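In the working numbering, the protein residues as written are 1278 to 1973.
Okay, here's the thing in structure tokens:
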């Protein structure tokens, strides 16, 4: 595996939309709350050299702006920068895993522990269990090996706050209940410990803290930099437990007012620190144990790395909100900050069904209640409108602001590319999520409660095929009237004109086929035999239409039209949903064996350099675009290997890992869209948890 160690990674609590991002050199990480990217703070982690005053630091800081001159007209910053220097890169080691990230340099070890695991259902869990699961904090441990030292040495951990509205401050508590020593920015972020031999300091430069001659001078209330000074006695190994805390109280969204669910249990950042310190050992041990989710598998080192990296990025984008005491699970769309984007929800499905199935139901319900709408449909170039039906918006809003009911932040009329409507795509995505949820949980009560919604979805699917039943072929032919003079698009909105179009798109067609197979299963469970039979007929029609466009060389065009030369790997995506619901449907001698074989031959024909492989063996989702998305590559790799039984495609994994750790890309932690290996969008993104499919 590539040994590059300087890449940013999330270290995030669950449901707090917060991240202690660290790993890229310079002022490139820090304690971020509700941000679209890294906090770009100076983070100071260092140790005093043996026999000298100078401090060696991990390289996560740059030239700090010393604001002392704003208070001191003499212009004398009074600090000596020669005494602070970074460790030599060659001395730095990193052990990066799913829930632990451990840096070592010389006698310093800095370990960060982050939670991964099931989130209990808030409607059926005790307050104590839920409080432990939702703490808005991650955990760090600093260890100093001073066995060779003949005198005490000082280590430090601190950061430069970046919030313009809150000052850095001391956090000091020493009573019968708990002891806390920390620094923080207002009530938003903090680093705190309960250990002895620790002092907190604030100043205008890290040197003013590191080389301060008296405890009293550290107690300044001015300065943008706060740090903990940790004293390690001579001749021993010393460790300190630190809680990295986040907190946002009160109403945190607009449009629909919501609070963080954790604020039911924690009322201040001091509450977070006290609880985290009390249970530190438990959280650390749980994190180390959870590493086995990935480590105890036969995955390659490349896949282990990419899975760990992507899961961390997912949690950094999660929120659990409380709306009138009712929970709402939210995943933010990375740098774009859109709320529960539906075409990401369908890709998060696999991870959430493994760990937290209730979150899938929760989001689907909220879409039904607040972000569904009804439309009419039309033939391209014809202004006549015909019956349409129900669909779901692209998202629920953006930047902590919920959109008005039935509207997204993204979709606009009169467009044929980015920002147009995704009416068919989001309709089919809701259906697929609902089907997988029911089939994997057997939640018959929820299925029955959604009987009418499912019937409406089925009618809407039929109308988007064609209003005349005699002209239906199972594939979307009609656009929503919402587009006016535009055209519908799909999730691949900015790849190219063939990949991103919705009408008669082969990627959309296979997902529609998957939806019809799921309709048959769900309607059968509901005792709706006529609808089940009709769904089966539509699935057969759709499969036949797709197969009819297979060319002599085995390829299927991106658009099911004559003379379309673009080809997509993503056409195979839709196979995963019936595989999760009823695998017999995908047997080569089963009812859709011809379609499965056609898609297998299509993959064999296009997974070649010059078509859908880059020169570095990385996957190219479209033969006519260099813009390839890692989340979708992971999903398609699973389908190709597990469902289509193609030879192991892991030979491309090194290329995909190299894209993530490329020095031009790795500042953004896990990113999705790569143009010929360089990040071009979807930075700081949650969607890569499609990688969890590698464990199936």
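For every residue, glycine included, the Cβ atom is placed at its ideal position computed from N, Cα and C. Because the structure is a prediction, the values reported are computed rather than measured.
Item to complete: Return the chain-ordered list of same chain residues with a C-beta closer than 6 Å to the C-beta of residue 1381, the five sequence neighbours on each side being excluded.
Response: 1370
Discussion item. Does the CB of residue 1320 have a neighbour CB from chain B at under 7 Å?
Written reply: No chain B appears in the structure shown, which is made up of a single protein chain.
Worksheet entry | residue 1777 in three-state terms, based on DSSP | helix
Worksheet item: Which residue or residues does DSSP assign as beta-bridge partners of residue 1655?
Response: 1756
Fill in: Where residue 1885 falls, given that 16 or more other Cβ within 10 Å makes a residue buried
exposed
Worksheet item: Considering only C-alpha positions, which residue in the set 1458, 1656, 1724 is nearest to residue 1754?
Response: 1656
Practice prompt. Could you check what DSSP says for residue 1859 in three-state terms: helix, strand or coil?
Written response: coil
Fill in: Alpha-carbon spacing of residue 1391 relative to residue 1289, whole angstroms
6 Å
Discussion item. Out of 1365, 1331, 1320, 1625, which one is the CA nearest neighbour of residue 1339?
Written reply: 1320
Practice prompt. Put residue 1635 into one of helix, strand or coil per three-state DSSP.
Written response: helix
Worksheet item: Short check: CB of residue 1951 to CB of residue 1905, under 7 Å?
Response: yes
Worksheet item: Which term fits residue 1620, buried or exposed, when burial requires 16 or more other beta carbons within 10 angstroms of its beta carbon?
Response: buried
Worksheet entry | Nearest candidate by alpha-carbon position, reference residue 1831, set 1864, 1871, 1296, 1488 | 1871
Item to complete: Could you spell out where the alpha helix (DSSP H) holding residue 1286 opens and where it closes?
Response: Segment: none, residue 1286 is in no alpha helix (DSSP H) and carries neither H nor E.
Worksheet entry | Distance CB(residue 1552)-CB(residue 1599) smaller than 7 Å | no
Practice prompt. Drop a sphere of 10 angstroms on the beta-carbon of residue 1585, count the other beta-carbons inside from all chains shown, and report buried for 16 or more, exposed for fewer.
Written response: buried
Worksheet item: Are the beta-carbon atoms of residue 1775 and residue 1836 separated by less than 7 Å?
Response: yes
Worksheet item: Which whole runs of the alpha helix (DSSP H) in the stretch 1507-1561 are 4 residues long or more, in chain order?
Response: 1546-1555
Worksheet item: Would you report the Cα separation of residue 1922 and residue 1573, rounded to the nearest angstrom?
Response: 24 Å
Worksheet item: Three-state secondary structure (DSSP) at residue 1939?
Response: coil
Worksheet entry | Cβ shell of residue 1581 (< 6 Å), same chain only, five flanking positions each side left out | 1571
Worksheet item: Quick one: what does DSSP say residue 1699 is sitting in, helix, strand or coil?
Response: coil
Worksheet item: When the Cα of residue 1669 is compared with those of 1696, 1641, 1822, which residue comes out closest?
Response: 1641
Worksheet item: Taking the alpha-carbon positions, what's the residue 1766 to residue 1778 distance?
Response: 5 Å
Item to complete: Decide if the stretch 1887-1896 is in contact with the stretch 1927-1938; the criterion is three or more beta carbon pairs, one per stretch, under 8 Å apart.
Response: yes
Discussion item. Here's the rule: buried if 16 or more other CB atoms are within 10 angstroms of the residue's CB, otherwise exposed. What is residue 1677?
Written reply: buried
Worksheet item: So residue 1846 packs on residue 1883, CB below 8 Å; how close in whole Å?
Response: 7 Å
Worksheet item: From what residue to what residue does the alpha helix (DSSP H) around residue 1870 run?
Response: 1870-1883
Worksheet item: Thinking C-beta only, is residue 1317 closer than 7 Å to residue 1300?
Response: no
Practice prompt. Assign residue 1735 to one of three DSSP states: helix, strand, or coil.
Written response: helix
Fill in: Cβ distance (whole Å) where residue 1916 is taken to contact residue 1972 below 8 Å
Wrong, their Cβ atoms sit about 15 Å apart, outside the cutoff.
Item to complete: Using beta-carbon positions only, say whether residue 1939 and residue 1907 come within less than 7 Å of one another.
Response: no
Item to complete: For residue 1990, name the three-state secondary structure that DSSP assigns.
Response: Residue 1990 is absent from the model: the chain starts at 1278 and stops at 1973.
Discussion item. For residue 1910 and residue 1328, I'd like the C-alpha separation in whole angstroms.
Written reply: 53 Å
Item to complete: Express the C-alpha separation of residue 1748 and residue 1736 in angstroms, rounding to a whole number.
Response: 15 Å
Worksheet entry | Three-way DSSP call (helix, strand, coil) for residue 1385 in this model | strand
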